[in-house]
Amino acid sequence: MPQPPLIVHIIYRLGVGGLENGLVNLINAMPPEAYRHAIVCLKDSTDFKLRLTRADVAVYELHKREGQDWHSFVALYRLLKKLRPSIVHTRNLAAIEYQIAAFCAGVPGRVHGEHGWDVFDPNGTNVKYQWVRRVLKRFIHRFIPLSRHLESYLLDKVHVTPRKIRRIINGVDTRIFYPRTGARQTLDGCPFALTDDELVIGTIGRMHGVKDQITLVKAFILACQGAEADSRHLRLVIIGDGPLRAEAVALLEAAGVAGQAWLPGARDDIAEINRRLDVFVLPSQAEGISNTILEAMASGLPVLATAVGGNPELVVDGVTGRLTPANNAEVMAAHLLAYSHDAQMRHEQGRQGYQRLQEHFSLAAMVANYQAVYDSFFQKE
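Its first residue numbered 239, the sequence shown is counted upward by one per residue in the working numbering.
Set out below in structure tokens:
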């Protein structure tokens with residue numbers, strides 16, 4: 239019996255992140271009899287690969303050097319000739335130019351996903367990056383943007399023909415992410431008692447660039463200063479590591495509220511952490527479709543997010559959470575205080591968000607949509 243077709247997924251690095259989490263979820267949930275999978279990391283991989291539940295998924299590392307590394311193109315070309323995949327699926331700007339290697343290796347199906355903006359182009363206005371995509375689009379058969387914002391970018395700025403675009407929103411595994419029931423339990427490593435009279439505000443993500451956790455830290459400090467007697471009940475949890483972490487800690491210490499914050503770095507118990515939160519915040523300056531928002535919704539949390547990228551597709555302002563301007567700590571602080579004073583609003587928005595997640599952002603729907611794109615390469619015209 240012949241083996242299922244092989245899909246080679248090319249990403250920059252297999253570490254903690256929304257793009258990587260979505261890829262792992264897709265591979266784990268897709269029926270093994272449909273496709274085989276391999277992951278090529280332009281840089282390297284981390285223990286995040288242990289989240290792959292299929293034993294037949296190989297992970298390759300090219301250890302690409304910084305800048306233009308022609309050796310990595312040759313290495314990928316040789317690997318693709320050896321693996322002979324039916325489909326290559328690159329993701330984001332860092333990997334798109336490797337579609338040339340896939341073309342030269344004779345890979346018949348070539349897919350590119352746009353998951354979010356590059357750190358050096360947070361709003362998609364960089365003309366150079368637009369031209370890079372315009373030149374390379376001739377090598378790509380299908381584009382998969384995750385948000386309407388990214389879809390419009392491909393249509394209006396890159397001039398991709400509509401028939402080559404299929405928008406697919408991420409889905410969440412609700413067997414892992416689900417609302418808390420009963421009293422809030424303590425969490426290993428957390429310095430807080432996590433009693434019901436504490437309001438725990440949290441965010442999860444790499445601490446760098448456009449993720450902008452610094453605005454959330456400033457908003458938390460303002461909320462503590464404005465909450466008067468209630469300020470001692472406010473707690474801040476920031477999960478993730480990166481160059482912004484030290485700056486965030488310094489700001490909290492200078493304001494005298496470091497004892498009310500927990501910044502442990504990267505963690506692998508995200509679902510458990512979500513079930514300890516009261517409000518989830520995404521302070522990014524730019525986003526595609528955020529996995530962390532979807533996971534928060536699946537956890538029954540109200541979501542306070544910046545009104546950028548795909549966030550307004552997920553968060554219904556005033557219904558499942560609130561939308562706030564990017565890089566505006568004052569407005570964000572006002573929303574945090576409103577949540578701190580209105581438990582009923584928190585609970586109702588969390589309930590509405592959970593219902594919306596169940597109806598529109600299931601993992602099964604995401605897998606089916608991706609599989610339909612892959613299946614299209616085997617259908618006769």
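Note that the Cβ used here is the ideal one computed from N, Cα and C, for glycine as well.
Between the C-alpha atoms of T562 and A543, what's the straight-line distance to the nearest angstrom? By one-based count along the sequence shown, residue 562 stands at place 324. By one-based count along the sequence shown, residue 543 stands at place 305. Roughly 6 Å between the two C-alpha positions.
Given that a residue counts as buried once 16 or more other Cβ atoms are within 10 Å of its Cβ, and exposed if not, what is A467? As a working note, residue 467 is residue 229 in the sequence shown. Bear in mind that a pLDDT of 48 at A467, under 50, signals an unreliable position, so the number given afterwards is only what the model happens to contain. Exposed is the call here.
By Cβ distance below 7 Å, which residues in the same chain neighbour M239 in space, the five residues on each side in sequence not counted? By 1-based counting over the sequence shown, the position of residue 239 is 1. Excluding positions up to five away in sequence, the list is empty.
Length of the line joining the Cα atoms of N565 and K449: As a first step, residue 565 is located in the sequence shown; it is residue number 327 there, counting from the start. As a first step, residue 449 is located in the sequence shown; it is residue number 211 there, counting from the start. C-alpha separation (whole angstroms): 10 Å.
Counterpart residues of W500 in DSSP-defined beta bridges: Numbered from 1 along the sequence shown, position 262 holds the residue referred to as residue 500. V475, per the DSSP bridge assignment.
Under a Cβ-count criterion, where at least 16 other Cβ atoms within 10 Å of its own Cβ denotes burial, should G556 be classed as buried or exposed? For the purposes of this step, residue 556 is taken as residue 318 along the sequence shown, with counting starting at 1. With fewer than 16 other Cβ atoms within 10 Å, it is exposed.
Limits of the beta strand (DSSP E) - the one that P563 falls within: In the sequence shown, counting from the first residue as 1, residue 563 sits at position 325. No beta strand (DSSP E) holds P563; DSSP gives it neither H nor E.
Go ahead and pull the three-state DSSP assignment for Y298. Taking the first residue of the sequence shown as 1, we reach residue 298 at position 60. Residue state for Y298 is assigned as strand, using DSSP reduced to three classes.
contact_flag[the region 242 to 260, the region 491 to 502] where n(CB pairs < 8 Å) is 3 or more: no
Taking only runs of the beta strand (DSSP E) that begin and end inside the region 370 to 440, which ones reach a length of at least 3 residues, in chain order? The region 370 to 440 contains these whole beta strand (DSSP E) runs: 380 to 383.
I need the straight-line Cα distance from A573 to R422, nearest angstrom please. The residue you call residue 573 lines up with position 335 of the sequence shown. The residue you call residue 422 lines up with position 184 of the sequence shown. Note on identity: in this sequence residue 573 is His, with Ala being the wrong assignment. Taking the straight line from one Cα to the other gives about 23 Å.
For I477 and Y612, the rounded distance between their alpha carbons: Taking the sequence shown and counting its residues from 1, the one referred to as residue 612 is at position 374. Taking the sequence shown and counting its residues from 1, the one referred to as residue 477 is at position 239. One C-alpha to the other measures close to 34 Å.
Let me check one thing: in DSSP terms, what residues is S600 bridge-paired to? Here residue 600 refers to the residue found at position 362 when the sequence shown is read from its first residue. Residue pairing of S600 in beta bridges, as defined by DSSP: V410.
With DSSP run on the structure shown, which of helix, strand or coil describes S578? Translated into the one-based positions of the sequence shown, residue 578 becomes position 340. When DSSP states are grouped into helix, strand and coil, S578 belongs to the helix group.
Check the C-beta distance from A343 over to L374 and give it rounded, since I have them as a contact under 8 Å. Against the sequence shown, residue 343 aligns to sequence position 105. Against the sequence shown, residue 374 aligns to sequence position 136. Contact flag wrong, Cβ pair sits at about 15 Å.
In three-state terms, what does DSSP make of D613? Against the sequence shown, residue 613 aligns to sequence position 375. Correct three-state label for D613: helix.
Alpha-carbon to alpha-carbon, R329 and I277: Reading the sequence shown from its first residue, position 39 is the one you call residue 277. Reading the sequence shown from its first residue, position 91 is the one you call residue 329. Answer to the nearest angstrom: the Cα atoms are 11 Å apart.
Are the beta-carbon atoms belonging to F381 and L388 less than 7 Å from one another? Residue numbering aside, residue 381 sits at position 143 when the sequence shown is read from its first letter. Residue numbering aside, residue 388 sits at position 150 when the sequence shown is read from its first letter. In this structure, F381 lies away from L388, with their beta-carbon atoms at least 7 Å apart.
Comparing alpha-carbon positions, which option in N259, H446, I407, L474 lies nearest G480? Numbered from 1 along the sequence shown, position 242 holds the residue referred to as residue 480. Ranking the options by Cα distance to G480, first place goes to H446.
Using the DSSP secondary-structure output, state which residues sit across from G255 in a beta bridge. As a first step, residue 255 is located in the sequence shown; it is residue number 17 there, counting from the start. According to DSSP, which records beta bridges pairwise, G255 is partnered with nothing at all.
On the three-pair Cβ rule with 8 Å, is the region 437 to 445 touching the region 509 to 517? Cβ pair count under 8 Å is three or more, so yes.
Could you pull out every residue in the same chain whose Cβ sits closer than 8 Å to the Cβ of D386, ignoring the five residues on either side in sequence? For the purposes of this step, residue 386 is taken as the residue at position 148 of the sequence shown. The sequence shown places Arg at residue 386, not Asp. Same-chain partners within the cutoff: R405, G548, E551.
Under the assumption that S283 contacts V297 (Cβ atoms under 8 Å), give the Cβ distance between them as a whole number of angstroms. By 1-based counting over the sequence shown, the position of residue 283 is 45. By 1-based counting over the sequence shown, the position of residue 297 is 59. Correct: roughly 5 Å between the Cβ atoms.
Please report how far the alpha carbon of V495 lies from the alpha carbon of P269, in whole angstroms. The count along the sequence shown starts at 1 and reaches residue 495 at position 257. The count along the sequence shown starts at 1 and reaches residue 269 at position 31. Roughly 49 Å between the two C-alpha positions.
Between L384 and G526, is the Cβ-Cβ spacing less than 7 Å? Mapped onto the sequence shown, residue 384 falls at position 146. Mapped onto the sequence shown, residue 526 falls at position 288. Their beta carbons are under 7 Å apart, which means L384 touches G526 by this criterion.
Please tell me whether G409 and M604 are closer than 7 Å, where the distance is taken between their beta carbons. Locating residue 409 in the sequence shown gives position 171, where the first residue counts as 1. Locating residue 604 in the sequence shown gives position 366, where the first residue counts as 1. Contact flag set, yes.
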